[in-house]
Amino acid sequence: MRNDSVYKELYRKLTVTPTGAPSGEKFIEILKILFTPEEAELAVVLPFMPTPLAEIAAGARMSESQTERKLSKMADKGLVYGFEARGTPMYLLFSVVWTIFKFPLMSNVSDVDYDRLRLLWKEYLAEGLGGDGTPVPGEKQLPMGRVLPVQENLSPSSKVLPQDLVYSFIDEAEYISVGECSCKKTVGGCDSPSEVCMGLGHEARYLVSRNLARRIDREEAKEIHRKAVEAGLVSVTSNIKEKINLICHCCPCCCAQLGVATRHGRYDLAPQGAFYASVDQGECTACGSCVDACPMKAIEIVDTATVDLEKCIGCGLCVSACPSESIVLFAKTPPPEVPKNIMEWTEKAVQVRGVADEFVKELRVRSKK
Numbered sequence: 173m174r175n176d177s178v179y180k181e182l183y184r185k186l187t188v189t190p191t192g193a194p195s196g197e198k199f200i201e202i203l204k205i206l207f208t209p210e211e212a213e214l215a216v217v218l219p220f221m222p223t224p225l226a227e228i229a230a231g232a233r234m235s236e237s238q239t240e241r242k243l244s245k246m247a248d249k250g251l252v253y254g255f256e257a258r259g260t261p262m263y264l265l266f267s268v269v270w271t272i273f274k275f276p277l278m279s280n281v282s283d284v285d286y287d288r289l290r291l292l293w294k295e296y297l298a299e300g301l302g303g304d305g306t307p308v309p310g311e312k313q314l315p316m317g318r319v320l321p322v323q324e325n326l327s328p329s330s331k332v333l334p335q336d337l338v339y340s341f342i343d344e345a346e347y348i349s350v351g352e353c354s355c356k357k358t359v360g361g362c363d364s365p366s367e368v369c370m371g372l373g374h375e376a377r378y379l380v381s382r383n384l385a386r387r388i389d390r391e392e393a394k395e396i397h398r399k400a401v402e403a404g405l406v407s408v409t410s411n412i413k414e415k416i417n418l419i420c421h422c423c424p425c426c427c428a429q430l431g432v433a434t435r436h437g438r439y440d441l442a443p444q445g446a447f448y449a450s451v452d453q454g455e456c457t458a459c460g461s462c463v464d465a466c467p468m469k470a471i472e473i474v475d476t477a478t479v480d481l482e483k484c485i486g487c488g489l490c491v492s493a494c495p496s497e498s499i500v501l502f503a504k505t506p507p508p509e510v511p512k513n514i515m516e517w518t519e520k521a522v523q524v525r526g527v528a529d530e531f532v533k534e535l536r537v538r539s540k541k
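Take a look at the structure:
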């Protein structure tokens with residue numbers, strides 16, 4: 173393929189993923205910063221599901237050794253996921269949000285113009301991403317993230333499911349990593365802690381193996397979480413019940429998910445919450461501490477504090493901030509539907525976006541033309 177056409181073909185491939193891809197020449201420039209023309213050609217061949225190296229090499233019409241060298245370099249940039257399954261090298265291409273956006277900004281390789289990359293992504297985040305294949309404006313999309321509430325602030329009377337307990341995920345993880353938040357590195361909108369993006373399990377191993385993050389133990393993970401909560405950050409994970417692979421701590425001034433809601437009014441795309449804040453009007457002193465603490469602009473003072481339940485994500489930060497202890501978190505009834513695992517979430521997400529048929533085609537190796 174010619175240089176320009178291969179990037180356009182890669183863009184078309186990325187638009188049929190569960191989260192789509194931003195449109196416009198800026199995104200084509202992002203792809204050119206991240207992928208050499210040869211890497212872009214290989215990415216077009218590469219499926220979005222784990223595939224043996226031999227199959228990828230056959231589709232790319234290269235030797236296995238040459239293919240593996242290219243894929244390894246792409247993995248160092250955070251563009252592909254590589255691992256071994258029973259001694260067989262496996263690779264898959266990442267989609268855009270939380271992967272091609274997130275991981276490359278955690279990398280540090282010599283041939284990437286990180287200053288230009290951050291500037292382009294900052295412009296997209298300020299615009300709410302926007303364009304064909306993305307959630308703004310107007311496109312329906314399954315929420316990518318799920319809020320993990322401040323565990324200490326959960327009401328004893330609420331039915332709390334295991335999937336909502338942040339410390340249980342940390343305790344169960346056999347491998348944990350932490351790296352700098354890509355949103356914070358890109359936007360730089362506040363002075364809150366930036367090394368707050370935690371990987372769990374296989375993702376953590378991948379990030380550490382590619383020098384995108386450092387390994388930590390459970391106690392350090394819990395301490396990072398506690399300090400993030402004290403700084404007013406929202407704990408967000410994948411919108412699945414089992415085998416979550418990340419816990420990030422987000423602020424509305426930098427975070428793509430929170431920002432698309434608070435800056436662009438797309439609260440339907442905010443991380444999904446299983447709880448809501450309730451104010452005891454008799455105890456509330458209308459001090460306004462909860463208004464300042466709420467990352468979603470969901471609280472206002474009308475004689476006393478009033479919560480907009482359409483905007484509230486149940487993070488619990490207002491509970492921590494309330495000096496009169498007049499705010500309580502309650503579980504939503506019925507609880508929001510949460511996909512069982514990443515496969516179920518992916519299936520539902522492409523159906524919601526109306527790209528299921530096109531996405532299924534990209535789960536197989538393409539043969540190089």
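So in this note's numbering, the last one in the sequence shown is 541, and the numbering has no gaps at all.
Every residue, glycine too, gets a C-beta built ideally from N, C-alpha and C.
- Proximity to Leu384 across Arg390, Glu392, Glu375, Glu391 peaks at Glu375, based on C-alpha coordinates.
- Minimum Cα-Cα distance from Glu455 among the listed residues Cys420, Pro495, Ala465 corresponds to Pro495.
- Between Met468 and Ala493, the CB-CB gap reaches or exceeds 8 Å.
- Between the alpha carbons of Glu392 and Ser539 lies a gap of roughly 46 Å.
- For secondary structure counted as the alpha helix (DSSP H) over 4 or more consecutive residues, the region 385 to 458 holds these complete runs in sequence order: 390 to 402, 428 to 434.
- Per the coordinates, the alpha-carbon of Val338 lies some 40 Å from the alpha-carbon of Glu213.
- Ile485 sits in coil when the DSSP states are folded into three classes, being neither helix nor strand.
- In summary, Pro506 is exposed, with fewer than 16 beta-carbon neighbours lying within 10 Å of its beta-carbon over all protein chains present.
- Across the set Ala226, Ala230, Arg290, the C-alpha of Ala226 shows the shortest separation from the C-alpha of Gly259.
- The Cβ neighbour count for Gln453, taken over all protein chains shown within 10 Å, is under 16; the residue is labelled exposed.
- In terms of Cβ geometry, Cys426 and Cys487 do not form a close pair [threshold 8 Å].
- Rounded to the nearest angstrom, the gap between the Cα atoms of Lys399 and Leu218 is 40 Å.
- Scanning the region 210 to 254 for uninterrupted alpha helix (DSSP H) segments of 4 residues or longer gives 225 to 232, 236 to 248, listed from N- to C-terminal end.
- Distance check between Ile499 and each of Phe255, Lys512, Phe447 places Phe447 closest, using alpha-carbon atoms only.
- DSSP lists no beta-bridge partner residue for Pro507.
- Taking each of Trp293, Ile419, Ser282, Phe255 in turn and checking the Cα distance to Ile272, the smallest one comes out for Trp293.
- By the Cβ neighbour-count rule, Ala298 is exposed, with fewer than 16 other Cβ atoms within 10 Å of its own.
- Residue burial is scored here from C-beta neighbours: Gly460 has fewer than 16 other C-beta atoms within 10 angstroms and is therefore classed as exposed.
- In this structure Lys357 is not in contact with Tyr296, their Cβ atoms being roughly 14 Å apart against a cut-off of 8 Å.
- Met370 is bridged by DSSP to Val350, Ile419.
- Counting along the chain, Ile473 sits inside no alpha helix (DSSP H); it lies in the beta strand (DSSP E) bounded by residues 471 to 474.
- Taking every protein chain shown into account, the CB of Ser279 has 16 or more other CB atoms within 10 angstroms, so this residue is buried.
- Gly371 and Asp475 have their C-alpha atoms roughly 43 Å apart.
- Straight-line spacing of the CA atoms in Pro443 and Ala521 works out to 14 Å.
- Short of 7 Å from the beta carbon of Asp285, and not among the five residues preceding or following it, lie these beta carbons of its own chain, in chain order: Ile205.
- Between Phe531 and Val188, the CB-CB gap stays under 8 Å.
- By the neighbour-count criterion, in which 16 or more other beta carbons inside 10 Å mark a residue as buried, Glu534 falls on the buried side.
- Take Arg387, set aside five residues on each side of it, and the residues of its chain with a beta-carbon closer than 6 Å to its own are Ser349, Val380, in chain order.
- Spanning the alpha carbons of Leu405 and Ile396 requires a straight line of approximately 11 Å.
- Thr518 and Ser282 have their alpha carbons spaced roughly 33 Å apart.
- Going by DSSP, Met262 is part of the beta strand (DSSP E) stretching over 260 to 265.
- Partner residues in the beta bridge of Gly317, as assigned by DSSP, are Ser410.
- Per the coordinates, the alpha-carbon of Arg435 lies some 12 Å from the alpha-carbon of Lys483.
- The three-state secondary structure of Thr208, taken from DSSP, is coil.
- DSSP places Leu535 outside both helix and strand once states are collapsed to three, so it counts as coil.
- Per the coordinates, the alpha-carbon of Gly361 lies some 14 Å from the alpha-carbon of Glu352.
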